[in-house]
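Visitor:
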Amino acid sequence: METTFDSLLLGFSVALRPDVLWYAFLGCLVGTLVGILPGIGPLAGISILLPLTFGLDATKAIVMLAGIYYGSQYGGSTTSILLRIPGEAASVMTCIDGNAMARKGRAGAALCIAAVGSWIAGTFGVVVLTFVAPPLATFALRFGPPEYTALLVLGLIFLAYMSTSSLVRTLLMAALGLLLGTIGIDVMTGHFRYSFNIPELGDGIGIVPVAVGLFGLGEILATPSHQVTGEVAPPRLRELWPNREEWRQSAMPIARGSVLGFLIGIIPGSAHIISSFMSYALEKRISKHPEEFGKGAVAGVAGPESANNAASTGAFVPMLALGIPTGPVTAVLIAALLVHGVPPGPTLVNDHPNVFWGFVASMYVGNLMLLALNLPLVGVFVTILRIPYAYLYPLIVMFCVIGVYEVNHSIVDVWIMLIMGVVGYGLKKFGFDPAPLVLGLVIAPLFEMSLRQSLIMSDGTWMIFLQRPISLVLLAASAGLLMLSAVSAVLRRRDWRAKLAQAEAGEQP
Amino acid sequence: MPREGKGEAVTLRTDHVAGGAFVAFGLLVFALSGDLPFGTVSEPGAGMLPKLAAGLMMLFAVLIIIGARASEPFATINWGDGGHAALVVVITFVAVWFYQWLGFLLTMSLLVFALLALIERRNLLRAAAYSIVVTLFAYWLFGKALKSPLEHGLLWF
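Protein chains in written order, with our numbering: chain A, 811 to 1319; chain B, 209 to 365.
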């Protein structure tokens, strides 16, 4: 415990440096804007802005990019409450009661509860992260190739289980991602795989062009400007403070949302989206007045907003401690750390304490900054929502092209981004979620390396995965999840995933 | 959902098309993997994971085709945004094609202008002014503030 506090002090000595503070502020500001603007989510935002961090050191880069991630969770609520359009996917649930509160003239109170709930949940998440990540990293030092293989399998199965689309569709996307991840030179044998004599493909397909194409350009292709409309009136500052009854009604949902969100955040999948739905469902179930949900229930704003912020912090635990992404956003953050020569994982705490603890401490500061940004400046952010989408998306297309090109100064990457944009558009039309594809792409090199090393170690027997206790437990958990999914499919049970899919489609569950 | 009994024509559904496309893609991957050795279990080769992943992808695609009856008919897909999507892709394609030759300033201002003028039918003067201002801002941000080398192209600055 004492060591943790000493390390945290080291972290604050890094995070409170004026230059680091500046980049934390920039990240939070850009993240809020990314969250507010419909059509550009945290993943596309982080991917497009990744090249901006190339001139920075690893600490400033990760502090800024993480600020964009958790800042977007704050910003998403503004658009949801004022326009009933989710600024980003995790704010879908906030649309329902947040906008109902706004229509009752309580927009200011809804925004304030969302911001305060987000701050409490975000800070709670960072506190738990502070104490959980280092021991988990120490434990992960026991992992060899079979354990990593089993952990990655569990991650993919968990992602498929938690997905709102079907298990088969999710696994298909993950398999496609794994396949794309094998493009390039095989590091163990030197074979060129599917590179078609294009030298740039020798290094494989980068995550940035794929993520920007699927989530940035793909979204723009599917959103003609005439579909984006909305009149918005900013609330006045004096209307921001909730009354005593609203505070009372939001206290417990914030507490429950924080705990639930953090726990779900650790699990692979689109945790911040799932957590907000789970929190909404929980609050509705335990409420004494469930009939108020959908008509402006305070708990319907406080719970989901807290949960999605806690989840976005929880997702950093496996990323920092194990070096494993739980979703596409953490995958891009891992890529960002690797670009700066800092491999995340069990050795990060000891090898790069400044980066690890500076990052953790910056999240305490960042959450405070976001609270200070989001409440007084809500009027300014709302003004941005008035920029017509017809003028906004050409700007985003330009940033997609520059962002991707600047990573490697490779025009091939831009072609890949364009192709992925078309693929993303097609996947959307046919009801496929592209997130598992990105995750598959990111874990492919690690998965392939650990799988092949395991098989070489065992002299060709697959039993090695069942002979080692940690990998056995992880694979047993994977099998359990597959069985649970099979039971659900056989009984055709309409569980929470079906309800979340319905909510994401814009219908009230 | 209408049932397709004996004697009725089978309706082409979205999952038939999607699953079929993934099976075809998997077959293409196998066709392109001829020179990649699968290896043995004790000495896995460079072709092991790609072939396993392609095989799994085809398996899941077949499962999707088998369960396709639950999906929407292919004819019901709304392609109303297709024109917008196609125009954005074509304009971006042309911009990327000329990017290294024309350079950052010319290409990006033409890209933004084309999107505004051709797709959004905005006032040409306003579209031109907007595209020049945002391109100059991006040039300052990337090229000057962040000292990221941008393509010079014809203009040499």
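Every residue, glycine too, gets a C-beta built ideally from N, C-alpha and C.
Tell me which residues share the same chain as residue 867 of chain A and place their Cβ nearer than 8 angstroms to its Cβ, disregarding the 5 neighbours each side in the sequence.
Guide: Counting only Cβ-Cβ distances below 8 angstroms, and skipping sequence neighbours, we find 1150.
Visitor: Comparing the C-beta of residue 1200 of chain A with each C-beta of chain B, is any distance below 8 angstroms?
Guide: By this cut-off, residue 1200 of chain A is an interface position.
Visitor: So is residue 1289 of chain A buried or exposed if we call it buried at 16+ other beta carbons inside 10 Å?
Guide: Residue 1289 of chain A is exposed by the Cβ-count criterion.
Visitor: According to DSSP, is residue 800 of chain A part of a helix, a strand, or is it coil?
Guide: Residue 800 of chain A is absent from the model: chain A starts at 811 and stops at 1319.
Visitor: Determine the DSSP secondary structure at residue 1270 of chain A, reduced to helix, strand or coil.
Guide: Three-state result, residue 1270 of chain A: coil.
Visitor: Tell me which residue opens and which closes the alpha helix (DSSP H) that residue 948 of chain A is part of.
Guide: First-last of the alpha helix (DSSP H) with residue 948 of chain A: 917–950.
Visitor: How is the alpha helix (DSSP H) around residue 1055 of chain A delimited, first residue to last?
Guide: Looking at the DSSP string, the run of the alpha helix (DSSP H) that includes residue 1055 of chain A is 1054–1076.
Visitor: State the CB to CB distance for the pair residue 1074 of chain A and residue 1084 of chain A, rounded to an integer number of angstroms; the pair is presumed to be in contact (CB under 8 angstroms).
Guide: Sure, about 6 angstroms apart at Cβ, within 8 angstroms.
Visitor: If you draw a straight line from the C-alpha of residue 235 of chain B to the C-alpha of residue 1086 of chain A, how long is it?
Guide: Those two C-alpha atoms are separated by around 40 angstroms.
Visitor: Buried or exposed, going by whether 16 or more other CB atoms sit within 10 Å of the CB of residue 1059 of chain A?
Guide: By the 10 Å Cβ count, residue 1059 of chain A comes out buried.
Visitor: Helix, strand or coil, according to DSSP, for residue 1317 of chain A in the structure here?
Guide: Its pLDDT being 49, under 50, residue 1317 of chain A is placed unreliably in this model, and the value from its coordinates should be taken loosely. Note: residue 1317 of chain A maps to coil in three-state DSSP.
Visitor: Bridge partners of residue 252 of chain B, per DSSP?
Guide: DSSP lists B:247 as partners of residue 252 of chain B.
Visitor: Taking its Cβ as the centre, do 16 or more other Cβ atoms sit within 10 Å of residue 211 of chain B, making it buried, or is it exposed?
Guide: With a pLDDT of 47 at residue 211 of chain B, under the threshold of 50, the predicted position of this residue should be treated as unreliable, though the coordinate-derived value follows. So residue 211 of chain B ends up on the exposed side.
Visitor: If the criterion is Cβ atoms closer than 8 angstroms, does the pair residue 1007 of chain A and residue 1071 of chain A meet it?
Guide: No, they are not a contact pair.
Visitor: Distance cutoff 8 angstroms, beta carbons only. Does residue 1035 of chain A sit that close to anything in chain E?
Guide: Looking at the structure shown, chain E is missing, and the protein chains on hand are A and B.
Visitor: Taking Cβ positions, are residue 1191 of chain A and residue 904 of chain A nearer each other than 8 angstroms?
Guide: The answer is no: Cβ separation not under 8 angstroms.
Visitor: Going along chain B, which residues have a C-beta under 8 angstroms from residue 1224 of chain A?
Guide: Chain B residues near residue 1224 of chain A: 304 and 307.
Visitor: Check whether the Cβ of residue 330 of chain B lies closer than 8 angstroms to any Cβ atom in chain A.
Guide: Chain A, which has a Cβ nearer than 8 angstroms to the Cβ of residue 330 of chain B, makes this yes.
Visitor: Decide if residue 874 of chain A is buried, meaning its Cβ has at least 16 other Cβ atoms within 10 Å, or exposed.
Guide: The residue is buried, with at least 16 neighbouring Cβ atoms inside 10 Å.
Visitor: Helix, strand or coil: which one does DSSP assign to residue 1280 of chain A?
Guide: In the structure shown, residue 1280 of chain A sits in a helix (DSSP, three-state: H, G or I).
Visitor: Residues in its own chain within less than 8 angstroms of residue 1092 of chain A by CB, not counting five upstream and five downstream?
Guide: Excluding residues within five positions, the ones whose Cβ falls inside 8 angstroms are 1066, 1070 and 1113.
Visitor: Whole angstroms is fine: what's the gap from residue 1270 of chain A's alpha carbon to residue 1259 of chain A's?
Guide: If you take the alpha carbons of residue 1270 of chain A and residue 1259 of chain A, they lie about 15 angstroms apart.
Visitor: Could you name the residues of chain B that residue 839 of chain A contacts, counting a contact when the two beta carbons are closer than 8 angstroms?
Guide: None at all; the shortest Cβ gap to chain B is about 14 angstroms.
Visitor: State yes or no: is the beta carbon of residue 1010 of chain A nearer than 8 angstroms to at least one beta carbon in chain B?
Guide: No, no contact with chain B.
Visitor: What's the C-alpha gap between residue 1127 of chain A and residue 934 of chain A?
Guide: Taking the straight line joining both Cα atoms gives about 13 angstroms.
Visitor: Who are the near neighbours of residue 1341 of chain A in its chain, counting only those whose CB is closer than 8 angstroms to its CB and skipping five residues on each side?
Guide: With chain A running from 811 to 1319 in the structure shown, residue 1341 of chain A is simply not present.
Visitor: Count the other CB atoms, across all protein chains shown, that sit within 10 Å of the CB of residue 844 of chain A; report buried if there are 16 or more and exposed otherwise.
Guide: Residue 844 of chain A comes out buried.
Visitor: Kindly say whether residue 211 of chain B, judged by its beta-carbon, lies nearer than 8 angstroms to any beta-carbon of chain A.
Guide: Note that residue 211 of chain B scores 47 on pLDDT, short of 50, meaning its location in the model is unreliable; the coordinates nonetheless yield the value given after this. With 8 angstroms as the cut-off, residue 211 of chain B does not count as an interface residue toward chain A.
Visitor: In chain A, which residues lie less than 8 angstroms from residue 284 of chain B when you measure between Cβ atoms?
Guide: Going along chain A, no residue has its Cβ under 8 angstroms from residue 284 of chain B, so there is no contact; the nearest lies around 11 angstroms.
Visitor: Flag this pair as yes or no: are the beta carbons of residue 1142 of chain A and residue 860 of chain A separated by less than 8 angstroms?
Guide: Yes. Within cutoff.
Visitor: Short of 6 angstroms in beta carbon distance, which residues of its chain neighbour residue 966 of chain A, apart from the five on each side in sequence? Order them along the chain.
Guide: Only 984 meet the Cβ criterion.
Visitor: Is the CB of residue 996 of chain A under 8 angstroms away from at least one CB in chain B?
Guide: By this cut-off, residue 996 of chain A is an interface position.
Visitor: Which runs of the alpha helix (DSSP H) spanning at least 4 residues fall entirely within the region 826–870 of chain A, listed in chain order?
Guide: Fully enclosed alpha helix (DSSP H) runs of 4 or longer: 828–846 and 852–859.
Visitor: Beta-carbon of residue 296 of chain B versus every beta-carbon of chain A: anything under 8 angstroms?
Guide: Yes, residue 296 of chain B lies at the interface with chain A (some Cβ there is under 8 angstroms from its Cβ).
Visitor: Is it right to say residue 1094 of chain A is buried, meaning 16 or more other beta carbons lie within 10 angstroms of its own, or is it exposed?
Guide: Burial call: buried.
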